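Read the structure below first, then the notes.
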Amino acid sequence: MGNQMFQYAMGLDTARRLGTKLALDTTHLRSNWKRQYSLGLFNINDPQVEGSEPTVSEACLPYDSSLVKRIKDGDVLLGYWQSEKYFKDLDTRIMLRHRFFPKGKIPAAAEDFSNEILATGERGVMIGVRRGDYLVSSYHGVMTSEYYLRGLSALGVQKPILFVFSDDPVWCRRVLAMELPHPIHIFQGDVSVPNHLGREDVDLWLMSQCSNFVIGNSTFHWWGAWLSTRFNVVAPKNWFASSKEDPRDICPEHWLRV
Numbered sequence: 002m003g004n005q006m007f008q009y010a011m012g013l014d015t016a017r018r019l020g021t022k023l024a025l026d027t028t029h030l031r032s033n034w035k036r037q038y039s040l041g042l043f044n045i046n047d048p049q050v051e052g053s054e055p056t057v058s059e060a061c062l063p064y065d066s067s068l069v070k071r072i073k074d075g076d077v078l079l080g081y082w083q084s085e086k087y088f089k090d091l092d093t094r095i096m097l098r099h100r101f102f103p104k105g106k107i108p109a110a111a112e113d114f115s116n117e118i119l120a121t122g123e124r125g126v127m128i129g130v131r132r133g134d135y136l137v138s139s140y141h142g143v144m145t146s147e148y149y150l151r152g153l154s155a156l157g158v159q160k161p162i163l164f165v166f167s168d169d170p171v172w173c174r175r176v177l178a179m180e181l182p183h184p185i186h187i188f189q190g191d192v193s194v195p196n197h198l199g200r201e202d203v204d205l206w207l208m209s210q211c212s213n214f215v216i217g218n219s220t221f222h223w224w225g226a227w228l229s230t231r232f233n234v235v236a237p238k239n240w241f242a243s244s245k246e247d248p249r250d251i252c253p254e255h256w257l258r259v
């Protein structure tokens, strides 16, 4: 879902800048069993099309201002667009925060969990742990418990209360909860986890209720932090295990990198 949100944000900002309409080509997602179209969970009603041939493709990861300047009305964009710099316009950002809100009714269990988070005030810290398929990926890699300890130290929150969102709650209970010396609540916040609410949109909403964030190298958790009205965020300096990628533009400049 996180990657789709970046793609939508880039498309929306570009369409508004050019004074045109946005359409979403979901062909690949309809035929890819690993990834499904997820933006329908949000307040997004842009028309969908199929079979479009890309006319503008992202060549590499860092923000490319020259590519943005070349885009014209009618172009079909292909890429991940993983940078806030692709949606700079303030009005676009306000629209995104409205559109990336759950469209369906928020379950009572999630409302209860939200109240728990809000009750912690400035002490609440969202911890984002992505493992799952990253465990066997030499490209992405996983964040260690040492990273989260350093992240919490960088935040400087006194007596933090941790809310962990992860696709591997077993590891979090067995390892992370033992090594982080703070009160910790582990939420099965990933669609791949059995008995999960089954609502990625609600997961993001819950994350955004926190006052502070230590995220892993996950675009899903990136958006959980970005959708918050708070700015106390720690993210990995080395977003990828692979040295082939340049991650310098993935995170907003005001986020801390450790």
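In the numbering used here, the protein residues as written are 2 to 259. Backbone N, C-alpha and C fix where the C-beta goes; we use that ideal spot for every residue, glycine too. Remember, it's a predicted structure, so these values are computed and weren't measured experimentally.
Between N213 and R231, how many whole angstroms is the CB-CB distance? I'm expecting something under 8 Å.
Their Cβ separation, rounded to whole angstroms, is 7 Å, which keeps N213 and R231 in contact under 8 Å.
For C61, count the other beta carbons within 10 Å of its own beta carbon; 16 or more makes it buried, fewer makes it exposed. Which is it? By the 10 Å Cβ count, C61 comes out exposed.
Query raised in the report: Span of the alpha helix (DSSP H) holding A236?
Result: No alpha helix (DSSP H) contains A236, which is instead part of the beta strand (DSSP E) from N233 to A236.
>> For the segment 67-75 against the segment 132-146, do three or more pairs of beta-carbon atoms, one drawn from each stretch, fall closer than 8 Å, so that the two count as touching?
In response: The segment 67-75 is not in contact with the segment 132-146.
| query | Can a CB atom of chain D be found closer than 7 Å to the CB of M2? | reply | Protein chains in the displayed structure number just one, and chain D is not present.
Practice task
Please confirm whether N44 and F102 have their CB atoms less than 7 Å apart.
Solution key: With contacts defined as CB atoms closer than 7 Å, N44 and F102 qualify as a contacting pair.
Query raised in the report: Taking DSSP as the reference, what is the three-state secondary structure of F26?
Result: Reading off the sequence, residue 26 comes out as Asp, not Phe. Three-state result, D26: strand.
Exercise. Could you tell me which residues DSSP pairs with F221 in its beta bridges?
Key: F221 is not bridged to any residue.
### Message
For Y140, which residues in the same chain have their Cβ closer than 7 Å to its Cβ, ignoring the five residues on either side in sequence?
### Response
Taking Y140 as the centre and dropping the five residues before and after it, the same chain places the C-beta of F241, A242 and S243 closer than 7 Å to its C-beta, in chain order.
Helix or strand or just coil, what does DSSP make of P170? The answer is helix: DSSP assigns P170 an H, G or I state.
| query | Going by C-alpha distance, which of H255, S67, V165 and T56 is nearest H186? | reply | That would be V165, whose Cα lies nearest to the Cα of H186.
Within 10 angstroms of the Cβ of L25, are there 16 or more other Cβ atoms? Answer buried if so, exposed if not. By the 10 Å Cβ count, L25 comes out buried.
query: Which same chain residues, not among the five before or five after V176, have their C-beta less than 8 Å away from its C-beta?
result: So the qualifying residues of the chain are S146.
Just the C-alpha distance for V194 and L153, rounded to the nearest angstrom, thanks.
-> No answer about V194 holds up, because its pLDDT of 37 lies below 50 and its placement is not dependable.
- Message: Please state the DSSP three-state secondary structure of R258.
- Response: For R258, the three-state secondary structure derived from DSSP is strand.
I'd like the span of the beta strand (DSSP E) that includes A203, first residue to last. According to the sequence provided, residue 203 is Val. The question's Ala does not apply to it. First-last for V203: E201 to S209, but that is the alpha helix (DSSP H), not the beta strand (DSSP E).
Expected contact under 8 Å - CB spacing of L79 and S58 to nearest Å: Sure, about 5 Å apart at Cβ, within 8 Å.
Quiz prompt | Given 8 Å, three or more beta-carbon pairs between the segment 89-99 and the segment 119-129 | solution = Segments in contact, no.
Checklist entry - Do the CB positions of T56 and V77 come within less than 7 Å of each other? => result Their beta carbons are under 7 Å apart, which means T56 touches V77 by this criterion.
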